[in-house]
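Q: Counting in our numbering, the sequence shown runs from 3 upward without gaps. First the structure, then my questions, so here it is.
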Amino acid sequence: MEKLFGLEMATIAVALSIMLAVVMAGLALLAWRRPVFFKLGLRPIPRRRAQSALIVLGLMLATLIITAAFVTGDTLSHSIRSVAIEGMGEIDEVVQVSAESRDLSYFKMERFESLAAELAGYPLVDGLLPAIGESAPAVNVTRRSSLRSIGITGLHPKDIWVLPPGEVTDSAGRPLPLEALQANEVYLNAAAAEALGAAPGDTLELYAGSHPKDFTVRDIAGQGQEPRLLVSLRQAQRLFNQHDKINMIVVSNLGDALGGAAHSQAVTAHLRGLLSDPRAAARLYALLGRDPTAAEALRKAAEREQGNTRADLLALADGLQADGLSPATRSLLADEGLAERVQSILADAGWGSEPLRDRLSRLFADLSELVVEDRKRDTLDMGELAASAFTTIFIVAGLFGITAGLVLIFLIFVMLAAERKSEMGMARAVGAQRGHLVEMFVFEGTAYDLASAAVGVALGVATGLIIALTLGQAFAGTGLAIRPSVSVRSLLVSYSLGMLVTFATVLFSANRVSHLNIVSAIRDLPEPPRPPSYLRDRLLAPFRAAAEGFRALFRLRLFRALRLWLIGLLGSLLRLAWLGFAGGPFTLLLGLLLTPVGIRYANAAAFSTGVSFVIIGGALVLRGSLSPLFRRLARGRAWNPADLLDRMAYTLMGLTLTVFWSLPSRYLQDVFRVPDLSSGPEMLFISGILLVAGAVLVIMFNTDLLLRLILLILGRAARFAPVLRMAIAYPLANRFRTGMTIAIFAVVMFSVIFMATLFKVNEIVLTDTEQFTGGFDLRVNYSSNNPVDDLPRAMATKPGLRRADYAAIASLVTLPVEVRQGQSGRWAGYPIQAADDAYLENVDYGIGVKAEGYATAAEIWEAVREKPGLAVVDRLAVPSRTTTNIMIGGPEFSLQGVYLEDETMKPIRLEVREPNSEATFEVTVIGVLEQSAITGYGLITSQETLEKELNIALPEPTYFVRLAEGVDPAATSAALESVFLKNGLESVDLIQELRDALATQLVFQQLLLGFLTVGLVVGVAALGVTSTRAVVERRQQIGMLRALGFQREMVSWVFLIESSFVALLGIGLGVTLALIPASQMITDMAAEIPGLTFQAPWTEIVFVSGLAYAMTLLTTWLPAVRASQVRPAEALRYE
């Protein structure tokens, strides 16, 4: 994997390595200068090995998640890279006829010779070779087996070096020379030989036309990904009756099969310049360059793009405003894909008049007959994109686990500080500074960090390999062989990033726990309330630091002056800012700034985070404002005003946060008039964290009510009541520690159950496969080299086929066209699908929005069949009032004047333009499909409409077959393919195709859920550390309980119930909170996906909750046993 979040992995690795080296060097220097504190920091690690092991286990999760994500990215990148190398060999680019001229895909050898002469001496190309690439049905007459489509490659004998080595050598590594082939001999690659069951000497029939041609298999290559047949160029020209013609020119760049791709951008640009018509390019440059608004439109559009497209648009904009037409600008204009994007951008921007844009389209079409396809670079880029996407998915999904791990780190140091409170107080009493305590904890935490990062990397690699193997199963039917791979660079990034994230948390935690009162610490008493921080002192602190610095400078104490200015001044400013945020004013102000920004830019994350900051800041400001009043009311009374005020403020904060994040988006739009906001995957993380935080605040600041409720329900048994009271009282007394542990469990369970709910609903929808097929069972296509003239008639006359098995045989012609709504609208690419009468009579697709005058879907389909010019539009082109279409690769065209939520609509007239003939006609939309069709998006009209309006030959149709009741689709497909073998007919069982896609999706879903469940390790480790430390901390309490009559099993039950209480509260909280946003999202999505209803995934909830609870009991069982074995006399004397 080369990039992550748009940054080079090499750059990330170097930056993180330098940061880690600086941190470790600083710690080493500090350890050398403070050897005593270094030893004191490391001393506890070997003394409590079990505890140290638990701490390492908890700290390693962030590194594990990051490593597993990077290993997954490396695996996908390596797998797709291998496919590109093994499938293309030394071929880097391919030159062939442009898409507008595919009916004349062959061109004369003279064109190749001309290009070769122009390219002579170009240093970045080491091979320019003529070739033929085709496909045809094949029959192994000897073995009585067949293949619907086999690739046929024709090259000059001297040019086979450009192919993958495994396809030009046999299994023993011996070369397969083309010059050794007779006129009727061929080579097969391994994939073709396996598919045909072929061996040397077998006879093949190739249907490259209406009559088969016989060939003999001379030998078989040792490798091959896709079935391919290799012949000489002369043989291929005779086979396809193309004398002295070719249909492609293959280009090999300087370097090996992988290194040559590095020159693809330069070579492609050079070739496009040579192949383009200079006069057409000059006219294009004159048309676009004379109007500066064109370049400005391209620059604005580039701001919304990324990667190569962004760079190309900016370069083209600069080139159009240059003094003359440069070769680079000419090359960019000749880029077929970029040309389409430029035309779309200019149309959207309203550039020029309609005739002027039509002229621009014709000039682009005339620019070059031949186009350059950068196939290998495109494949490698696709691999990088897929690797980066999967890595991002797993990192984003793992954010909950990483957050839980960081909370655990903080929790661990809080517990370590509580354990060593007396020791820390004595150290401070004999002269140690607070900074020395921080150093001790940092040394200890770094030691844990070094070990946990190493363990995390090792377990992350193992997890990543498991993910890779699972992906291999998911992609088994796609032809992509998953090959596990781990790069040293990714491991370095994972280790460095895990170390730095954990170290930052350790540093923050160490600084936090080092604040203590010396007397209270020595006596092991609770910390007294801290004196209030006065704003006046914080405001004056920066000036005092600056003044102290000048005073030190006047005394020639330069280092002290620098320290006061750099550290003291910065620290005082940070403390002032922290007071503003902790007290509420800055938090409230930040929220008030973020909220309108989110509304202005339609950003849900900014808006929701801003409102959350307003809630938090408002509660804190209210707490600070009421504090003087409560202190005055508490005079002469026994109750503590701070406790009551905290309870009111934080309960209000938690309740408001929970309610806000539980509100449906439509409620905000309807009641508060918030506009439709765009959101991304970050919203899942933000909502989960803030929902959990709000609920935990409410629970932990109302623990007395919770305790009464539990005792009321479960405390009726006389023997059980004291055990239950003691088990619950301790976690409720340690509110901060318990709240963090509950939050850890809740955050992880939230992520798992939320995703499980979405997956469950998606699975239910996809399982209902018939709604996507329109009532048809088979999809039938055939080879364009030997088409079937009339498939329904041919099926009726072929022996071996029973006409009674077929209830309907329908055809659908798909034609790429441009559509616009109204004369002022812009043309947008949107296909039209022309159906015959059989299709329109038998299709079962429902109509979600019906035009006025039509009551049922059947009436609309009948109208489309009987009245040319009527059409139905796919739902993907229709906007929604409540949600935004998130389909990647969806239609450019959007229908205005109707929404998916509507029940009726007025008929809408659309203008349709066929881009090659430029013929235009109108259709009237009278309905919107209820669900997306398996045929893809587009307008659906009758074939009579196109035959009437267009004077062109329509493309070959795709046939859809509805079988009679009880007929087996698989057997029927096999029979059709066998009967029409020479035509290359392919019959697909639509239901099975959808089931296969669903199976692949389910594998990925289960994989992602398993990955999320790894975060439960953090919660279990948290309870394990808590339980282990509780035995030590409460040793005297255990002794007193035993002295008062508690039996050993009662003590064990106290600890087990205590852990169960915390775990079950966190699990229940996470499950409940996850179902709230999941149900809202599903409700919003139901407007776009009919049949989508909320269903809780009870199987997953029970399994994951049971697993988490079982792991909790397993972890806390040993500490509970140890607690029960404490002798009363020893415990009471314990100090």
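Glycine included, C-beta positions come from ideal geometry on N, C-alpha and C. A quick note: this is a predicted structure, and the numbers were derived from the prediction, not measured.
Do you know offhand how far proline 789's Cα is from serine 980's?
A: When rounded, the distance between both Cα atoms is 15 Å.
Q: What span of residues does the alpha helix (DSSP H) with proline 1121 cover, start to end?
A: Run containing proline 1121: 1100–1126, per the alpha helix (DSSP H) assignment.
Q: From the DSSP output, in three-state form, read off alanine 812 for me.
A: Three-state DSSP puts alanine 812 in a strand.
Q: What are the start and end residues of the alpha helix (DSSP H) that includes isoleucine 862?
A: Run containing isoleucine 862: 859–868, per the alpha helix (DSSP H) assignment.
Q: Leaving out five residues before and five after glutamine 1082 in sequence, what residues of the same chain have Cβ atoms less than 6 Å from its Cβ?
A: So the qualifying residues of the chain are Pro666.
Q: By the 10 Å Cβ neighbour count, where 16 or more other Cβ atoms means buried, how is glycine 203 classified, buried or exposed?
A: Glycine 203 comes out exposed.
Q: So, do the region 268–276 and the region 368–382 have three or more beta carbon pairs nearer to each other than 8 Å?
A: Yes: the two stretches touch, three or more of their Cβ pairs being nearer than 8 Å.
Q: Apart from the five residues on each side of it in sequence, which residues of its chain come closer than 8 Å, Cβ to Cβ, to valine 880?
A: Answer for valine 880: Val851, Ser896, Leu897, Val900, Tyr901, Leu902 and Val930, listed in chain order.
Q: Are the CB atoms of isoleucine 134 and leucine 231 within a distance shorter than 7 Å?
A: Taking 7 Å as the Cβ cut-off, leucine 231 and isoleucine 134 do not qualify as a contacting pair.
Q: Could you pull the start and end residues of the alpha helix (DSSP H) that asparagine 513 belongs to?
A: That run of the alpha helix (DSSP H) goes 490–515.
Q: Compute the beta-carbon to beta-carbon distance between threonine 448 and phenylalanine 505, rounded to the nearest angstrom, for a pair I have assumed lies under 8 Å.
A: Confirmed, Cβ separation roughly 6 Å.
Q: Identify whether isoleucine 404 lies in helix, strand or coil by the three-state DSSP scheme.
A: Reduced to three states, the DSSP call for isoleucine 404 is helix.
Q: Taking the alpha carbon of glycine 1 as the point to measure from, which residue in His158, Trp34 and Ala70 has its own alpha carbon closest?
A: Outside the shown range of the chain (3 to 1137) lies residue 1, about which nothing can therefore be said.
Q: Please report whether the beta-carbon of threonine 660 lies at a distance below 7 Å from any beta-carbon of chain D.
A: Of the protein chains in this structure there is only one, and it is not chain D.
Q: Quick one: using the 10 Å Cβ neighbour count with 16 as the cut-off for buried, is proline 1079 buried or exposed?
A: Label assigned to proline 1079: buried.
Q: Suppose you measure from the CA of tryptophan 353 to the CA of tyrosine 847; what does that come to, to the nearest Å?
A: So the two alpha carbons sit approximately 39 Å from each other.
Q: Span of the alpha helix (DSSP H) holding methionine 26?
A: Where methionine 26 is concerned, the enclosing alpha helix (DSSP H) stretches over 11–35.
Q: How many Å lie between asparagine 887 and alanine 735 at the Cα?
A: Low confidence applies here, because asparagine 887 scores a pLDDT of 47, under 50, leaving its location unreliable and the question unanswered by this model.
Q: Can you check which of these residues, Ser84, Ala859 and Lys762, is closest to proline 486 by C-alpha distance?
A: Residue Ser84 is the option with its Cα nearest to proline 486.
Q: Any chance the region 799–811 sits against the region 947–956, with 3 or more Cβ pairs inside 8 Å?
A: Taking 8 Å as the limit for Cβ pairs, the verdict is that the region 947–956 does not touch the region 799–811.
Q: Taking only three categories from DSSP, how would you classify tyrosine 784?
A: Three-state DSSP puts tyrosine 784 in coil, outside helix and strand.
Q: Nearest-angstrom Cα distance between glutamine 835 and proline 683?
A: Computed Cα separation, rounded: 35 Å.
Q: Checking the sheet assignment: what are the DSSP bridge partners for tyrosine 961?
A: Tyrosine 961 pairs with Val782 and Ser813.
Q: What's the gap between the Cα of proline 630 and the Cα of leucine 624?
A: If you take the alpha carbons of proline 630 and leucine 624, they lie about 11 Å apart.
Q: Between aspartate 1086 and glutamine 1097, what straight-line distance do the alpha-carbon atoms span, to the nearest angstrom?
A: Rounded to the nearest angstrom, the two C-alpha atoms are 14 Å apart.
Q: Determine the closest residue to leucine 499 out of Val521, Leu461 and Ala455, with distance taken between C-alpha atoms.
A: For leucine 499, the nearest C-alpha among the options comes from Ala455.
Q: Hey, is the region 646–653 in contact with the region 609–619, meaning 3+ C-beta pairs nearer than 8 Å?
A: No, the region 646–653 does not touch the region 609–619.
Q: Which residue marks the beginning of the beta strand (DSSP E) containing valine 73, and which one marks its end?
A: Premise fails: valine 73 lies in the alpha helix (DSSP H), 63–90, not in any beta strand (DSSP E).
Q: Do leucine 590 and alanine 758 have their C-beta atoms within less than 7 Å of each other?
A: No, the Cβ-Cβ distance between leucine 590 and alanine 758 is not below 7 Å.
Q: In chain order, which alpha helix (DSSP H) runs of at least 4 residues are fully inside the region 598–651?
A: Here the runs fully enclosed are 606–635.
Q: Exposed or buried, glutamine 435, counting other C-beta atoms within 10 Å across all chains shown (16 or more means buried)?
A: By the neighbour-count rule (16 or more Cβ atoms within 10 Å), glutamine 435 is not buried but exposed.
Q: Let me know if glycine 1047 comes out buried or exposed under the rule of 16 or more other beta-carbons within 10 Å of its beta-carbon.
A: It counts as exposed.
Q: Assuming arginine 727 and leucine 713 are in contact, meaning their beta carbons sit under 8 Å apart, how far apart are those beta carbons, in whole angstroms?
A: Right, their Cβ atoms sit about 7 Å apart.
Q: Helix, strand or coil for glycine 385? Go by DSSP, reduced to three states.
A: Glycine 385: helix per DSSP, three-state reduction.
Q: Between glycine 262 and the rest of its own chain, which residues show a CB-CB distance below 6 Å, the 5 nearest in sequence each way excluded?
A: So the qualifying residues of the chain are Asp94 and Asn255.
Q: Buried or exposed: which applies to alanine 431, given that a residue is buried once 16 or more other Cβ atoms fall within 10 Å of its Cβ?
A: Counting Cβ neighbours within 10 Å, alanine 431 comes out exposed, since fewer than 16 surround it.
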